[in-house]
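Residue numbers (this note's numbering), protein chains in the order written: chain A, 143 to 253; chain B, 14 to 128.
Beta carbons: idealized from backbone N, C-alpha and C, even for Gly.
The structure under discussion appears below in the form of structure tokens.
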């Protein structure tokens, strides 16, 4: 079983509010990913990190999200101003040998 | 582009019957695709079920099997005899095996096994 820890499991925010979620990757896994899974089960890549540095991110993440993965602290993903369309399951995964290991996810509901 | 297409669910199967969930992929920008099956059991997170990195090889786990077929670009998931505890959502995925960190997921197939 994966040892990627995500908190909180559930998050409820109003439109315009900040929404912050955290992830502790599995020890020894060098790359950390964030995905958004919508109600149609589609996965959208958001951002990934290696050794605290951003490797890749999509435009939406760059414009509306704040993300970091400091050493010796949990990684975090924060939506600066939540919108209804941000309601989704946010999945953190860490990668070893080109294989993703997922956390249980944070389910965000934006009212 | 890169894509994964899998059996549209829900799929309902009686206990002890055989199962096949189809998965086909297109890997135009991924030079060395690795293929995966993930599973999400009710109330749980997404777990790796099996992985195959070499064309022609078969992966297996928990009674499930999948063979990486480069000719037909397929990676179908099979099980000879399902159990109620196999009820879950199954995702086929492909990933870059050469460090590009690109992964593409199918839409998932919900499996319900009835007694």
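Annotation: residue 241 of chain A is outside any alpha helix (DSSP H); the continuous beta strand (DSSP E) that includes it extends over 241-244. Residues of the same chain with a CB within less than 6 Å of the CB of residue 94 of chain B, apart from the 5 flanking positions on each side, are 29 in chain order. Residue 153 of chain A is positioned such that its CB atom lies closer than 8 Å to that of residue 250 of chain A. Residue 54 of chain B counts as exposed, since fewer than 16 other beta carbons sit within 10 angstroms of its beta carbon. Contact check for residue 244 of chain A and residue 76 of chain B: beta-carbon distance about 22 Å, past the 8 Å limit, so the pair fails to qualify.
Note on residue 189 of chain A: 16 or more other CB atoms within 10 angstroms of its CB, so buried under the neighbour-count rule. Restricting attention to beta strand (DSSP E) runs no shorter than 3 residues, the stretch 178-236 of chain A encloses them at 185-192, 195-199, 207-210 and 217-221, ordered along the chain.
Taking residue 175 of chain A as reference, the option from A:157, A:206 and A:219 with the minimal CA-CA separation is A:219. One thing to note: residue 71 of chain B has its Cβ no nearer than 8 Å to the Cβ of residue 32 of chain B.
In this structure, residue 252 of chain A lies away from residue 223 of chain A, with their beta-carbon atoms at least 8 Å apart.
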